[in-house]
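Residue numbers (our numbering): 1 to 238. Heads up, the beta-carbon is just placed ideally off N, CA and C, and yes, glycines get one too.
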């Protein structure tokens, strides 16, 4: 936060703040958070919201996601568990953690929230549309304005058909942000393939565009050359 505060007066582009209490654990079960981690996320959102560094008029917002296993939360017009979700084969499905996400989205108001790439795990495990469409409905129900996703396992450029299905399914309700492995060599093709399915929210692309990692495997420096090439490729693809 101190870094953002130091440049707040010079910010002219929207900022999206990622809220993550930790990285993926060794067992690979990412985006499963304990109660104290959800509380930490809640406190971080509240701290940023009142810091004065964020401006809803500029388009600032938050990015986060939380998952759970077991039967899903309630759905509009249903009881706490639908008839389908009571079947034994659905007892260990992967779901959006609706209770936690609603609480975090409410805490973020008036700033919009984007569901993080946790959605990739749902699309990977439940690749048939009827399963991941339930996850999409949960994201909308929680009040998210968008989803950041690669469309499934691997890079977004490997999942163009699935991203197309997701764009069609989301219709006017969500902003879809394609991200994960977006680079200058694949940005134009991705744009060309998705643009015919562009909805009222447009099609958005996400890239970290960081410099090659150092000897410790870490890098937080933007790679200006690659970023410029990506922007040029997207412009050519439109």
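Item	Value
Rounded to whole angstroms, what's the CA-CA distance from residue 111 to residue 180? Just pull it up for me.	24 Å
Looking at residue 160 and residue 205, is the spacing between their C-beta atoms short of 9 Å?	no
Helix, strand or coil for residue 8, going by three-state DSSP, please let me know.	helix
What number of angstroms, rounded off, separates the C-alpha of residue 3 from the C-alpha of residue 25?	27 Å
Tell me, please, which residues DSSP counts as bridged to residue 175.	146
From residue 67 to residue 53, what does the alpha carbon distance come to, in whole angstroms?	29 Å
Would the region 39 to 54 and the region 4 to 22 be scored as touching if the rule is three or more Cβ pairs under 8 Å?	yes
When the Cα atoms are used, what is the spatial distance from residue 5 to residue 227?	24 Å
Taking C-alpha atoms, which residue in 158, 155, 147 and 157 lies nearest to residue 166?	147
Where does residue 29 land, buried or exposed, given buried means 16+ other C-beta within 10 angstroms?	exposed
My output table needs one value for residue 58: the three-state DSSP class, helix, strand or coil.	helix
What residue does the alpha helix (DSSP H) around residue 53 start on, and which one ends it?	Note, residue 53: premise wrong, no alpha helix (DSSP H); not H, not E.
For residue 139, which of 173, 156, 17 and 151 has the nearest alpha-carbon?	173
Have a look at residue 109 and residue 47 and give me their C-alpha separation to the nearest angstrom.	13 Å
Going by other Cβ atoms of all chains shown within 10 Å of its Cβ, with 16 needed for buried, is residue 9 buried or exposed?	exposed
Beta-carbon within less than 8 Å of residue 60's beta-carbon, same chain only, minus the 5 sequence neighbours each way: which residues are those?	14, 15, 16, 17, 54 and 111
Just tell me which of 11, 225, 99 and 151 has its CA closest to the CA of residue 58.	11
Considering only residues of the same chain and omitting the five flanking positions on each side of residue 115, which have a CB-CB separation below 6 Å?	65, 139, 144 and 147
Are the beta-carbon atoms belonging to residue 62 and residue 45 less than 9 Å from one another?	yes
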